[in-house]
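Since the structure comes first, as structure tokens, the remarks are kept for the end.
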Amino acid sequence: MNSQTKATNLQGGALQKNTNVSKPVSMASKKKWKDAGLFTLFVGPVLLAFTIIVLIPFFTGIYYAFTDWNGVTGNINWVGFDNFKYLFTEDKQFQASFLLTAKYTVVAIILTNVIGFALAILVTQMLKTRNILRTVFFMPNLIGGLLLGFIWQFIFVKGFASIGQITGIPLFEMAWLGDAKTAFWGIVIVSVWQGAGYIMIIYIAALQNVPQEIVEAARIDGANRWQILRHITIPMVAPAVTICLFLTTASSFKIFDANLSLTNGGPFKSTEMLALNIYTEAFVNNRYGIGEAKALIFFIVVAAITVIQVMYTKKKEVES
Amino acid sequence: MENKYTGKTFIVEILAVLLGLLFLVPFYYVISNSLKPFAEILTNTSALPKVFQFENYVNAFEKLNYLKVFSNSLIVTVASNVVLVVFCSMAAYMLVRTKKKISNIIFMTFVAAMIIPFQSIMIPLIKTAGTFGLLNSIWGLVIMYLGFGSGMTIFLYHGFIKGIPKELEEAAIIDGCSRFGVFWRIVFPLLRPITVTIVILNSLWIWNDFLLPSLVLQNPELRTVPLATFFFFGQYTKQWDLALAALILGIIPLLIFFFSMQRHIIKGITSGSIK
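Right under this line is the structure:
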């Protein structure tokens, strides 16, 4: 209703100025409103959902990070930077979780990529079983982190104990999830087992794009397998390496599901990564304000990693 | 010369197969033990079951309320995929075809929001969702997946639609077809390859997602497969006979999905990651 009146007003204005072009102007403005209506019809629904689900929580979240909100009462007071001061000076668990997550991320990136790349090389050889092997290596990736964590909980608790009993190898006789160090490596094993197959798929695609003529030419010139890998294959798949490095960085830093189901942060919170720490602060301790301050720091780190990634890949694209 | 199957290749093949078996060991343990009675799991964890018995599955099936949680997961995944595909393809199409500043601003907002990790907005999300009445409802959850999935889905559609020539649509408009009709009759069918990729990526994400439904769905009747498995594990700690069978019941739908769409999944992951 309103828009129509507005449109007629506009037409009226145009009429007064120049009677000769009144017809095309009125048609053009009608079309303009029709276009705006169509635009709203096509973009509106998802934009509305996106605003409610992502934008509003994101911006109100920044506000809550500076309050003492406890999630239960409606009483929310502004506390300035107190939450952040607390995190950096008093909250030892948060600092430990942050460092642990950083350490875990580095270890997981290296292992996932090295193993994923090695698997990709392996299954692009002339093997009879290569298709079934691709499926096997990829399969853990289908299953969500939560179920994988439970699967491995059984392996570490019962499976390892049984293998230890049979073989007598001390490595299997330890209580892996009962000790901070081995529990950490337990999480690493689960995430590498899950992630390597995914990374492998991307490396396979990159390896298949390496022109066979170049490899053939190098071979005729007398290059051995290792030289071909080092001087032809690896430089040719470098863009895929970048993609995979950043994919694993982001996903490792955000680990939650497997952390929850495999160790639940234990023993004694020694394997509590950042995402789980935020979750516990908010939904177990009911300290939403502090939890949100942590979440804001978490966002800044993830955003920084992603921005560096985008800048780096863009630069690479320009170069090549 | 190198492309022939030599003795060396055979050795590589054997090593590769051994590595493949190593990858499967966890599955062996879970499957074989899920078929044993409890006492046998404790005493003979590594051996094959003496007798294959499916009692654990019958029990877990009932205690999990499996049919209910399976259909909850299915409804959430299918409905979320439908709204994501319908609304995001429409939005992406309009954003590509409307050459205005506002289109660019909206598109960049969707893309930029992709870097926001879920954990950094989950706390205020629960409050906002409560205000809009989206909590404790399957449909509220579906709207949330529309919100969270919109960034990547619009991004993938946007890139694809940019490569479609405008001439076809213009011809149809001259023939009297409306914009709405043009999109659904002419453009949308052309989007099929990217739609397949999008549906696969979103399905795996939504089916496996635990954290969002755990915050949104409090009513046990509404639980999805990962949620039900989580509570089941909490309730039957150390009751491995039931827990393992429950795990396998949670994995089976994924395996069926994978083996029926294997080729598309591999292609989808490759193209989804590179963009």
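Quick mapping for you: the protein sequence lines, in order, are chains A and B.
When the letters of the first sequence are read in order and numbered with my numbering, they come out as residues 1 to 320.
When the letters of the second sequence are read in order and numbered with my numbering, they come out as residues 1001 to 1275.
Note that CB positions come from ideal geometry on N, CA and C, so glycine has one too.
Margin query: Here's the rule: buried if 16 or more other CB atoms are within 10 angstroms of the residue's CB, otherwise exposed. What is Glu292/A?
Written below: Against the first sequence, residue 292/A aligns to sequence position 292. A buried status is given to Glu292/A, since no fewer than 16 other beta-carbon atoms sit within 10 Å of its beta-carbon.
Margin query: I'd like to know whether the C-beta of Val21/A is nearer than 8 Å to at least one C-beta of chain B.
Written below: Along the first sequence, read from residue 1 onward, the residue named residue 21/A stands at position 21. With a pLDDT of 47 at Val21/A, under the threshold of 50, the predicted position of this residue should be treated as unreliable, though the coordinate-derived value follows. It does not; no Cβ of chain B falls within 8 Å.
Check: What is the rounded straight-line gap between the Cα of Val215/A and the Cα of Gly1007/B?
Finding: Position 215 of the first sequence holds residue 215/A. Position 7 of the second sequence holds residue 1007/B. Going from the Cα of Val215/A to the Cα of Gly1007/B covers about 21 Å.
Notebook entry, point to check: If we ignore side chains and look at the alpha-carbon of each, how far apart do Lys34/A and Met27/A end up?
Noted result: Mapped onto the first sequence, residue 34/A falls at position 34. Mapped onto the first sequence, residue 27/A falls at position 27. Rounded to the nearest angstrom, the two C-alpha atoms are 10 Å apart.
Check: Is the Cβ-Cβ distance between Tyr1145/B and Leu1084/B less than 8 Å?
Finding: Position 145 of the second sequence, counted from the start, is the residue given in the question as residue 1145/B. Position 84 of the second sequence, counted from the start, is the residue given in the question as residue 1084/B. Against a cut-off of 8 Å, the Cβ pair of Leu1084/B and Tyr1145/B comes out as a contact.
Next item on the list: Compute the Euclidean distance between the alpha carbons of Met1261/B and Gly168/A, then round it to the nearest angstrom.
Entry: As a first step, residue 1261/B must be located in the second sequence, where it is residue number 261. As a first step, residue 168/A must be located in the first sequence, where it is residue number 168. Using only the alpha carbons, I get a separation of about 43 Å.
Note to self: Under 8 Å, with one C-beta from each stretch per pair, do the region 139-159 of chain A and the region 181-191 of chain A reach the 3-pair mark?
What the structure shows: Remark: three or more beta-carbon pairs, one from each stretch, lie closer than 8 Å, so the region 139-159 of chain A and the region 181-191 of chain A are flagged as touching.
Note to self: Strictly under 8 Å for the Cβ-Cβ distance: is Ile232/A near chain B by that measure?
What the structure shows: Here residue 232/A refers to the residue found at position 232 when the first sequence is read from its first residue. Cβ-Cβ to chain B under 8 Å: no for Ile232/A.
Notebook entry, point to check: So which residues of chain A does Arg1179/B contact, with C-beta pairs closer than 7 Å?
Noted result: If you number the second sequence from 1, residue 1179/B lands on position 179. Taking a Cβ-Cβ cut-off of 7 Å, the neighbours of Arg1179/B in chain A comprise Leu38, given in sequence order.
Check: Comparing alpha-carbon positions, which option in Tyr1028/B, Gln1239/B and Leu1135/B lies nearest Ala1060/B?
Finding: Along the second sequence, one-based indexing puts residue 1060/B at 60. For the options Tyr1028/B, Gln1239/B and Leu1135/B, the alpha carbon positioned closest to that of Ala1060/B is the one of Gln1239/B.
Check: Taking one C-beta from the region 1160-1178 of chain B and one from the region 1247-1264 of chain B each time, how about it: are there three or more such pairs within less than 8 Å?
Finding: With the cut-off at 8 Å, the region 1160-1178 of chain B and the region 1247-1264 of chain B do not touch.
Item checked: Cα-Cα separation between Phe42/A and Ile143/A, rounded to whole angstroms -> Reading the first sequence from its first residue, position 42 is the one you call residue 42/A. Reading the first sequence from its first residue, position 143 is the one you call residue 143/A. Straight-line Cα distance between these residues: approximately 35 Å.
Note to self: Please classify Ala240/A as buried or exposed, where buried requires at least 16 other C-beta atoms within 10 Å of its C-beta.
What the structure shows: Locating residue 240/A in the first sequence gives position 240, counting from the first residue. Buried, by the Cβ-count rule.
Next item on the list: Using a Cβ-Cβ cut-off of 8 Å, state whether Pro45/A counts as contacting chain B.
Entry: The residue given as residue 45/A occupies position 45 in the first sequence. Interface residue, yes.
Notebook entry, point to check: What's the C-alpha gap between Gln1235/B and Phe1180/B?
Noted result: Taking the second sequence and counting its residues from 1, the one referred to as residue 1235/B is at position 235. Taking the second sequence and counting its residues from 1, the one referred to as residue 1180/B is at position 180. A straight-line Cα-Cα distance of about 52 Å links Gln1235/B and Phe1180/B.
Note to self: So for Thr67/A, helix, strand or coil by DSSP?
What the structure shows: Position 67 of the first sequence, counted from the start, is the residue given in the question as residue 67/A. It is a strand residue.
Check: For Leu15/A, does the three-state DSSP call read helix, strand or coil?
Finding: Against the first sequence, residue 15/A aligns to sequence position 15. Any reading at Leu15/A must be qualified, since the residue scores a pLDDT of 41, below 50, and its modelled position is unreliable; the value itself is stated next. In this structure, Leu15/A counts as helix in the three-state DSSP scheme.
Checklist line | Inter-stretch contact (C-beta, 8 Å, three-pair minimum) for the region 1121-1134 of chain B and the region 39-54 of chain A | finding: Yes: at least three Cβ pairs fall under 8 Å.
Next item on the list: Report the rounded CA-to-CA distance for Thr248/A versus Phe138/A, giving the unit in angstroms.
Entry: In the first sequence, the residue the question calls residue 248/A occupies position 248. In the first sequence, the residue the question calls residue 138/A occupies position 138. Rounded to the nearest angstrom, the gap between the Cα atoms of Thr248/A and Phe138/A is 15 Å.
Checklist line | Assigned secondary structure, Val21/A (DSSP; H/G/I helix, E/B strand, else coil) | finding: Indexing the first sequence from 1 puts residue 21/A at position 21. Because Val21/A carries a pLDDT of 47, less than 50, the predicted location of this residue cannot be relied on, and the following value inherits that uncertainty. The three-state reading of DSSP puts Val21/A in helix, counting H, G and I together.
Check: Going along chain A in order, which residues have a C-beta closer than 7 Å to the C-beta of Glu1013/B?
Finding: The residue you call residue 1013/B lines up with position 13 of the second sequence. Under the 7 Å cutoff, chain A gives Leu127, Lys128 and Thr129.
Check: Just by C-beta distance, which residues in the region 298-311 of chain A are closer than 7 Å to chain B?
Finding: Flagged, chain order: Phe298, Phe299, Val302, Ala303 and Thr306.
Check: When the cut-off is 8 Å and only beta carbons count, does Val136/A lie next to chain B?
Finding: As a working note, residue 136/A is residue 136 in the first sequence. It does: the Cβ of Val136/A has a partner Cβ on chain B nearer than 8 Å.
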